[in-house]
Each structure stands twice: as C-alpha cells, then as structure tokens.
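Student: Here the working numbering is used: position 331 in the sequence shown is 334, and no number is missing along the way.
Dropping the structure in here first, questions after.
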Amino acid sequence: TMIFLLYILAAAASAAVAVYQYFLWQSQYWRRRGMPGPDSRPFYGNMKEINNFHDPMPLKIHEWTKKYGKVYGYKEGVKNVLVTSDMDMINEIFVKQFDAFYARREPPLAQDTDYNPRVHLFESRGSRWKRLRSLASPSFSINSLKKIRPIVEDSAIKMVDLLEMRHGDGKSFNINGFFSEFTLDTICRLVLGQKESNMFNNPYIDVVQSIFLQNLDRPVFHLATGAPQVGKAMRNLASKFNRHVNPIFQILYADIEKTVNARVEERARSGNPEIPSDFIDLFLDNAAEFDYQNHGEFSTLNSVTKALTVDEVIAQAVVFLLAGYDTTSNALSYTTWMLSRHPEIMKRCQEEIDEVCSDSSISYEDCHNMKYLDAVCRETLRFYPLAARAVSRTAMKDTTIGDYDIDKGTIVMADTYAVHFNKDLWGEDAEEF
C-alpha cells in the first residue's frame, strides 16, 4: 500500500512538473523567436498587466510600444499576441491579407463562434460573418438613418432639458452619466422598440454598466485564457443548459430574449408591420428557421440563406446595445471635455451650428454639412480612440508579413494610440488638439 501511494505521489509530481514545463515553454514563445517584449509568466503570460482595472490595456500596450518598438510580442495565457504600430504591417493584416486574418480576437469565455446559434456580428467569422454583415448593413443606410432621426432628436431634447435642470444650481457635475443615459435611451428606442424616453429610469442601465465595469483580473478569466480547453468545456457545459458562462451576460440575454419573443408573438397576432419600427422588426423581417448546431462556419447555407434565426436576432440586438452604448457615450463625453478645454474651438462649433441649422429641428443633411464639428469629433477620437482592444485579428493560417512569420492562431493587434500620435503621420504637433 505504501509503495502504491509512493507511485501515485511520484506520478502526480511528474505530471505537475510536465505541466509546468509545458507552460514555461509556452511563455517563452516570443523569446525563442528573438522577438522583443515583456517577460511573461507560465500559465498567466502577461494577463496581470493587461487586465489591470486601474491601468487600461490600450495604455499598457502603448507603454510597451515606447519600450520595445513598433513590433513586439506578449502573451495572453497560452495565446501569442503580436503588437504592431507599423503602417505597412497594419495594411497587410487588415486589408491585403484579409483572407488570412478574417477572424477577430476570441474572448476567453465567448460562445463557440462556429456552432453556437447566438453568435453576433462581432464574434462571427468567415462566411457567417459575411452573411450577418450583409443583413445588418441596410440598418445603417442613409434612408434608415434619416428615418430614425426624429427618435434621436427627441431623446436629445429631453437630455438637454435634464442638463438645464441639473445646471440650475450652478455647481459642476459629471456629464458622463447624462451621456450614458442618453445613449442607452436612444439605443433602447431604436433597437428594442422602447416607446418613450426613459432616461434615469432605464431597466437596462445597471446590467449594461456592470458588463463594462467588470474586473477581468479574476480566476475564471485566467483559467479560460491559460487553459483554453478548460474554457471551452465551461462554455459547452453552459450551452447545454442554455446559459452563459458570464452571469451578467446571462441576465442581459434573458431580458433581450423576452423582448424579442414578445415581438414575435405580437407580429404573429397582428401581422408584420409595413414599415419596421426598430431594429428588431428589421431583423425579424429576415428571420427563418436554421440549425447552427449542425452547420458550422463554412456551411454552404451561410452563402445561400439570406435570413436570420430568432437566436441570431437576439444576439444582434445584444451586440447593438453593447457596442453602441459605451463607445457613443464616451465619445460624447470626451468631445465635451475637449471643447471645455478649448473655448475658441467650442465657439467656432457654435457658430457653425447657428449658421447651418436654420431652425430648432436638425436634419440629416444639416449634420452632414457641419464639417468643422465633424473634424472636432474626429480629432477627439484621435486623442481618445475607443474600443482600441477590438482593433485586432487572429491569423487563420500560417502567413508571412514582411520579415515576420506569423503562426496560425496568433492574435495580431494594432497599437491605436501609437498610430494616432505618430509624428511621421500627423506632424510635429501630433500631441496638440
């Protein structure tokens, strides 16, 4: 018995050493290739540095670019990430070699991008992405944008009224909360069919903010990133019970599912509306039955089926809600901040608005004709690029870019901050607004 126990202990110790050696070997991937970059730890890689809630990932990436140069590598668990701010490489990755980099970075706890029925536009890839994109594109046509203008204007007017009430006491306040409420209110009216403005009383605000404020420096994220097969098993187990690994997403998906199913029942009773009232109607007009459990990314049905499943409608509504909320509210907040710091620019914007907008109502054409205001918004986004982490792709096959051989599965990320402040591109005053 004692000898058997010793055998068990020896086998366990050998297995532990083998596992450690494997993760140690993985952590030295870039060093073996002679690629500069930060030292990475076995299993974790550089997750501790990039998932620091108080030191956002894009700023850490930019800090490393200053230290290691235009091209370097780091580790996200066992995943290899190549960072570049070289414009020729960026053009190769995002344009010329799209066939090799057609997939985005896959979140560690994301659902299966090929077979999960609720994959949205941002997570999908290949022919499924192409199909979803072609079905979503009409939502952003000029005619569609013109139709939604009255709703956006109504929410904007109500926000201005609330701002005037808040400003009445003469005290300073954080305007980001108002822009967050305004953005979510507008999206809920456009995407989910919310009938009236619901600012500062929106049932989605808490769960949406929780998603963006969640701390990624948690064991479950490290486990899914350091051991992708474990993360995959967690996702598959959750899918069998029709649940999401992340409980916050589970709440959001459940709420959106209720909204979509209620709309499906309403349309079954009264018939399809002649003019879609929101994005859900637009998507449901293209809905059909389709089983993604048995058809993957490269299924021929992706190229011939010009329809969405109800599950896909739910997924698109979720991503429209999330993708639009954080980026838009922060863009408005940063623009307001920059205008407050540059009163002379704010005055020019006001003069252009007074000149172009002849009455209280603002048309789509008016927005298009305010060139200076548009330039101010673009310059703000140069200073504060939003969703910078999303500017990345995954190599779907082995390829070569310039002097660099890139293995299949490598994540390639553009350092947006480095590009936006590159004096070779923007001149010596690149750091001036």
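Just so it is clear, CB atoms sit at the ideal spot from N, CA and C, and this is done for glycine as well.
Just so you know, these numbers come straight off a predicted model, no measurement behind them.
What are the start and end residues of the beta strand (DSSP E) that includes K73?
Tutor: Element bounds for K73: n/a, residue is neither H nor E.
Student: Quick check on the DSSP output: what are the complete alpha helix (DSSP H) runs of length 4 or more inside the segment 175-228, in order along the chain?
Tutor: Counting only runs of 4 or more, we get 179-194 and 208-216.
Student: Report back the beta-carbon spacing between N205 and C191 to the nearest angstrom; my notes put them in contact at under 8 Å.
Tutor: Between C191 and N205 the Cβ distance is about 7 Å, and since that is below 8 Å, they are a contact.
Student: Grab the span of the beta strand (DSSP E) containing L85 for me, first residue to last.
Tutor: From DSSP, the beta strand (DSSP E) with L85 extends over K82 to T87.
Student: Does the contact criterion of 3 or more C-beta pairs under 8 Å hold for the segment 4-17 versus the segment 56-68?
Tutor: They do not touch, by the three-pair rule.
Student: What distance in whole Å lies between the Cβ atoms of M373 and I356, which are believed to be in contact at a cut-off of 8 Å?
Tutor: So it is a contact: roughly 7 Å between Cβ atoms.
Student: Between which two residues does the alpha helix (DSSP H) holding R351 run?
Tutor: R351 -> alpha helix (DSSP H) spans P346 to V359.
Student: For L330, I'd like the list of residues in its chain whose CB is within less than 6 Å of its CB, leaving aside the five on either flank, ordered along the chain.
Tutor: Strictly speaking, residue 330 in this sequence is Thr, with Leu absent from that position. L389 and A390.
Student: Can you tell which of S363, R272, S183 and R131 has the C-alpha that lies nearest to the C-alpha of Y328?
Tutor: Ranking the options by Cα distance to Y328, first place goes to S183.
Student: Tell me whether P111 is buried or exposed, calling it buried when 16 or more other Cβ atoms sit within 10 Å of its Cβ.
Tutor: That one is buried.
Student: Among N83, A106 and E52, which has the Cα closest to the Cα of V394?
Tutor: The residue with the shortest Cα to Cα distance from V394 is A106.
Student: Whole angstroms is fine: what's the gap from E347's alpha carbon to W33's?
Tutor: If you take the alpha carbons of E347 and W33, they lie about 49 Å apart.
Student: Looking at the structure shown, is D377 part of a helix, part of a strand, or coil, going by DSSP?
Tutor: Helix.
Student: How big is the Cα-Cα spacing for N83 and M60?
Tutor: Spanning the two alpha carbons is a distance of roughly 16 Å.
Student: Helix, strand or coil for I409? Go by DSSP, reduced to three states.
Tutor: Three-state DSSP puts I409 in a strand.
Student: Between the alpha carbons of K426 and L335, how many angstroms are there, rounded?
Tutor: For K426 and L335, the distance between alpha carbons rounds to 26 Å.
Student: Give the range of the beta strand (DSSP E) segment to which V415 is assigned.
Tutor: Here the beta strand (DSSP E) through V415 covers I414 to A417.
Student: Taking all protein chains shown into account, decide if V316 is buried (16 or more other Cβ within 10 angstroms of its Cβ) or exposed.
Tutor: Flag for V316 reads buried.
Student: Is the CB-CB distance between D515 and P39 below 8 Å?
Tutor: Outside the displayed span of the chain (4 to 436) sits residue 515, for which this structure offers no information.
Student: Can you tell me which residues form a DSSP beta bridge with T116?
Tutor: T116 is not bridged to any residue.
Student: Go to I151, then tell me how far its alpha helix (DSSP H) extends in each direction, as first and last residue.
Tutor: Segment I145 to H170, the alpha helix (DSSP H) holding I151.
Student: Taking the straight line between their C-alpha atoms, what separation do you get for F293 and I151?
Tutor: Annotation note: pLDDT 48 at F293 (below 50); position unreliable, no value reported.
Student: Thinking C-beta only, is V194 closer than 8 Å to F282?
Tutor: Yes, Cβ-Cβ distance for F282 and V194 is below 8 Å.
Student: Please report the Cβ distance between L27 and L138, rounded to the nearest whole angstrom; I am assuming they are in contact, meaning their Cβ atoms lie under 8 Å.
Tutor: Wrong, their Cβ atoms sit about 46 Å apart, outside the cutoff.
Student: Between Y118, R351, I409 and V422, which has its C-alpha nearest L384's C-alpha?
Tutor: It is V422 whose Cα lies nearest to the Cα of L384.
Student: Straight-line CA distance for F185 to E354?
Tutor: Going from the Cα of F185 to the Cα of E354 covers about 24 Å.
Student: Is it buried or exposed for V20, if we count other Cβ within 10 angstroms and need 16 for buried?
Tutor: Flag for V20 reads exposed.
Student: DSSP three-state call for T383: helix, strand or coil?
Tutor: It is helical.
Student: Report back the beta-carbon spacing between H345 and F436 to the nearest angstrom; my notes put them in contact at under 8 Å.
Tutor: H345 to F436, Cβ: 6 Å. Contact.
Student: Is the beta carbon of E109 closer than 8 Å to that of T419?
Tutor: No, these two residues do not count as a Cβ contact at 8 Å.
Student: Quick one: grab the DSSP three-state call for A13.
Tutor: A13: helix per DSSP, three-state reduction.
Student: Judging by CA-CA distance, which residue of H57, Y10 and E79 is the nearest neighbour of D42?
Tutor: Out of H57, Y10 and E79, E79 has the C-alpha closest to the C-alpha of D42.
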